[in-house]
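Notes to accompany the following structure.
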Amino acid sequence: MTSKTAGATPPDNVTPQPRALPKVNKITARDITASLKAGVSDFLARPVMSGFFGLFYAMFGILFIWTLIWLDMIWMTIPAVVAFPLVAPFAAAGLYEMSRRLQKAESFGWSDILTVMARQRKREMGWMAFVTLFVFWVWMYQVRLWLAIILQDAAFSDLDGFLTAVLFTPQGWTFLAIGTVAGAFLSAVLFTVTVVAMPMLLDREDIDFVSAMLTSIRVVTENPVVMLTWAAIISVTMLVSLGPAFLGLIVTLPILGHTTWHLYQRAVTPAEG
């Protein structure tokens with residue numbers, strides 16, 4: 079007869095219990111208001127550092143649009159501008175970390191924030207970046223697909239030609255209708271799976287990206303009106319900020335990023351310990 083040792087491994091037929099998802103809280107419009115106030119406060123506390131992330135995001139957008147023009151794809155610039163806010167949650171990662179430290183009254187500098195951001199490459203945040211960029215790619219691809227199917231052989235040598243075909247022809251109206259529906263669907267999907275997943279992955283090392291997305295989905299489904307309101311605020315603010323050569327993002331992106339952190343804190347119960 080063999081004796082059992084204290085370090086014996088469990089039988090193969092014993093499956094580990096899945097980790098419970100974080101508890102989701104009910105939130106109201108007051109939570110959005112309070113989070114916005116906290117977001118503005120964080121921005122004013124560190125305006126230069128916050129503005130840097132907004133400037134970086136704006137410069138990336140300008141470079142992306144310039145690249146499309148250089149590739150003679152000027153007709154893709156408007157769809158690209160509309161889709162550009164889709165990648166904002168990932169771009170705001172540094173802002174989440176700033177708000178986390180400000181909330182805990184921790185001192186920090188540039189190296190602290192950039193080090194945390196660099197560390198995310200080896201953590202679950204990288205998978206969320208993949209999800210975000212994949213949805214962005216799907217958006218751009220479906221625009222080209224619908225252009226080819228609906229407008230067929232129409233050639234767009236300049237932006238005026240594209241706008242004329244889209245705004246003043248029946249085929250263009252069909253393209254706008256389908257593109258709007260498809261774009262709204264993709265935006266809703268990405269918002270639902272990332273709205274609290276991004277800050278959560280930066281905040282908690284015990285959460286994988288699938289669990290973070292599931293928690294984000296629960297936050298949206300259990301607070302549909304509030305989260306729809308927040309999505310509308312983000313969409314309108316981002317699109318208005320794109321107008322003056324993307325430069326409005328220098329202020330609005332940081333405030334939205336800081337606000338998202340505080341809304342996440344209200345919507346999801348913090349980890350114990």
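For the sequence shown, this note's numbering assigns the number 79 to the initial residue and increments by one for each residue that follows. No residue lacks a Cβ here, since even glycine has one placed at the ideal position from N, Cα and C. Note that the coordinates shown come from a computational prediction; the quantities given were computed from them, not determined experimentally.
**Message:** Judging by CA-CA distance, which residue of Ser119, Tyr135, Val267 and Asp281 is the nearest neighbour of Val298?
**Reply:** Val267
**Request:** Go through the region 239 to 302 residue by residue and report every complete run of the beta strand (DSSP E) that reaches 3 residues or more, in order.
**Result:** none
**Prompt:** According to DSSP, which residues form a beta bridge with Val346?
**Reply:** Val102
**Request:** May I ask you to report which of helix, strand or coil DSSP gives Met316?
**Result:** helix
**Request:** Report, in whole angstroms, the separation of the C-beta atoms of Phe168 and Met218, which I expect to be a contact under 8 Å.
**Result:** Incorrect: roughly 16 Å between the Cβ atoms, too far for contact.
**Request:** Could you spell out the range, first to last residue, of the alpha helix (DSSP H) harbouring Met206?
**Result:** Met203 to Trp224
**Prompt:** Lys115 by DSSP, collapsed to three states: which one?
**Reply:** Look at Lys115 here: in three-state DSSP terms it is helix.
**Item:** Residue-level contact to chain B via CB, Phe130, 7 Å cutoff
**Value:** No chain B is part of this structure, which consists of one protein chain only.
**Item:** Trp188, enclosing alpha helix (DSSP H) - first and last residue
**Value:** Trp188 to Arg197
**Request:** Return the first residue and the last residue of the alpha helix (DSSP H) that Pro167 is part of.
**Result:** Ala166 to Ala169 is the span of the alpha helix (DSSP H), which, as asked, contains Pro167.
**Message:** Suppose you measure from the CA of Leu223 to the CA of Leu327; what does that come to, to the nearest Å?
**Reply:** 30 Å
**Prompt:** In angstroms, rounded to a whole number, what distance separates the CA positions of Leu99 and Ala275?
**Reply:** Their Cα atoms are separated by approximately 12 Å.
**Item:** Cβ-Cβ separation, Phe121 to His336 (assumed contact under 8 Å), whole Å
**Value:** The C-beta distance from His336 to Phe121 rounds to 6 Å, short enough to fall under 8 Å.
**Asked** Shortest alpha-carbon distance to Phe253 belongs to which of Val209, Thr338, Thr272 and Leu229?
**Response** Leu229
**Item:** Distance between Ile143 and Met195 (C-alpha atoms, nearest Å)
**Value:** Answer to the nearest angstrom: the Cα atoms are 25 Å apart.
**Test item: CB-CB of Pro322 and Phe131 under 7 Å** = no
**Request:** In angstroms with no decimal places, state the Cα-to-Cα distance between Ile295 and Val159.
**Result:** 26 Å
**Request:** Name the residue from Leu141, Thr145, Thr106 and Gln181 whose alpha carbon lies nearest to the alpha carbon of Asp281.
**Result:** Gln181
**Request:** Give the DSSP-derived three-state secondary structure of Trp185 in the structure shown.
**Result:** The sequence shown places Ser at residue 185, not Trp. Coil.
**Asked** Are the region 144 to 158 and the region 234 to 249 in contact at 8 Å, needing three or more beta carbon pairs?
**Response** The region 144 to 158 vs the region 234 to 249: in contact.
**Request:** Might you give, ordered along the chain, the residues of its own chain that have their beta carbon closer than 6 Å to the beta carbon of Phe162, omitting 5 neighbours on each side?
**Result:** Hits under 6 Å: Gly139.
**Item:** As assigned by DSSP and simplified to three states, the class of Gly321
**Value:** coil
**Request:** Classify Pro348 as buried or exposed, calling it buried when 16 or more other Cβ atoms lie within 10 Å of its own Cβ.
**Result:** exposed
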